[in-house]
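J.: If you read the sequence shown in the working numbering, its first letter stands for residue -6, the second for the next number, and so on.
Note that the Cβ used here is the ideal one computed from N, Cα and C, for glycine as well.
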Amino acid sequence: MFNNKNILITGGTGSFGKKYTEILLKKFKPNKIIIYSRDELKQYEMAQKFNDKCMRYFIGDIRDKDRLKKATEEVDFIIHAAALKQVPAAEYNPMEAIKTNIHGAQNVIECAIENEVEKVIALSTDKASAPINLYGATKLASDKLFIAANNMVGKRKTRFSVVRYGNVIGSRGSVVPFFMKLIKEGKKTLPITHPDMTRFLITLKEGVEFVLTNFARMQGGEIFVPKIPSMKMVDLAKAICPDCRLEFIGIRPGEKLHEVMITRDDRCVEFDDHYVILPTINFNFNADYTTNKLNEQGKIKELGFEYSSDKNDWWLDKEEFRKKAKEFLND
């Protein structure tokens, strides 16, 4: 569905944007892939690797609606990956997080509608589910904006959906490269916040493939959540460095012991490999969320269902984790 199409990725120089670009170029023949971000050095470095004829590099900030509107002209699909994501930085600079994650999201929505973009998928985070830190709260607000935007389109064809998933193995700022850095420095002790801490884990490729498929699945208004495995952080550390000693340093402010991607108060539909959180508002178009655009059939989950990393029925052992994280562990 991406052949001969124009695709814009906000925050496109990040881990997700680079992998998304790589897979788009391998599998499809897009007319344009527009990388929209504010860091000229990262754009320069990315352009050394991805210099195909269809590539376009736009320096701009999602806070700047005029520049964003120009970038979204004649665009068919938008992947909104730009965000301020570091929990401590958001707590210390709350207005900056709000300007980027909320006001920036609104700019993406308005530009997509004004330029009649066909489909928009915004990337969310497990931290947006029952948030306890500002980053999660801003992403929850962003998710709500994108879902409600389906009622702002009038007779236009534009549709908005959201994809939410947990920790990406090896992404910038995540625990795997942090542990690997410590090991390369010769450290024999790895810091763990709590012996019982669990996390959902997904590879970058799996996340990108999930987003790609959801462009074909979406009707507008869904929050897509993949079924992915959990792992204890103690087991993850031991998988990376079996001989390292573990030091328990305590849970940091704004951090959860376990991740939740669907709360017990969310209504959702279960499919074979994913869930769809149902919108809390009605739209001016008809959508049966138990059957998606790929004709996959789902079932409404019972009230009180919660999808959390500690109550998951799919767990990674150390060997399975090493296979998933192979490219990072051998770096």
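How about N285 and M173: do their beta carbons lie closer than 9 Å?
T.: Contact flag unset, no.
J.: What is the rounded straight-line gap between the Cα of A40 and the Cα of V204?
T.: Approximately 23 Å between the Cα atoms of the pair.
J.: Report the rounded CA-to-CA distance for T151 versus L309, giving the unit in angstroms.
T.: Cα to Cα, T151 sits roughly 39 Å from L309.
J.: Let me know if P219 comes out buried or exposed under the rule of 16 or more other beta-carbons within 10 Å of its beta-carbon.
T.: By the 10 Å Cβ count, P219 comes out buried.
J.: What did DSSP end up calling I28 once you bin it into helix, strand or coil?
T.: The answer is strand: DSSP assigns I28 an E or B state.
J.: Put P124 into one of helix, strand or coil per three-state DSSP.
T.: Coil, per DSSP.
J.: Alpha carbon to alpha carbon, how far is D54 from Y29?
T.: About 8 Å.
J.: So, with DSSP's three-state summary, where would you put V269?
T.: Strand.
J.: Among D228, K294 and S164, which residue has its Cα nearest to the Cα of F321?
T.: F321 has its Cα closest to that of S164, out of D228, K294 and S164.
J.: At a cut-off of 8 Å, would you count G4 as near the ligand SAH, judging by its Cβ distance to the nearest heavy atom?
T.: As for the ligand SAH, it is missing from this structure, which has no ligand bound.
J.: In the DSSP assignment, find the unbroken beta strand (DSSP E) run with K225 in it and report its ends.
T.: K225 -> beta strand (DSSP E) spans S223 to K225.
J.: Compute the distance between the beta-carbons of K225 and M190, then report whether it is under 9 Å.
T.: Taking 9 Å as the Cβ cut-off, K225 and M190 qualify as a contacting pair.
J.: Could you tell me the distance, in whole angstroms, from the CA atom of K35 to the CA atom of T6?
T.: Their backbone Cα atoms lie some 6 Å apart in a straight line.
J.: Please state if the CB of P124 and the CB of L138 are separated by a distance shorter than 9 Å.
T.: No.
J.: Can you check which of these residues, E33, A74 and D57, is closest to S8 by C-alpha distance?
T.: Closest option to S8, Cα to Cα, is A74.
J.: Between which two residues does the beta strand (DSSP E) carrying P261 extend?
T.: The sequence as given places Cys at residue 261; Pro does not occur at that position. Element bounds for C261: C261 to E263.
J.: Using beta-carbon positions only, say whether I102 and I2 come within less than 9 Å of one another.
T.: No; because the gap between Cβ atoms is not below 9 Å, this pair is not in contact.
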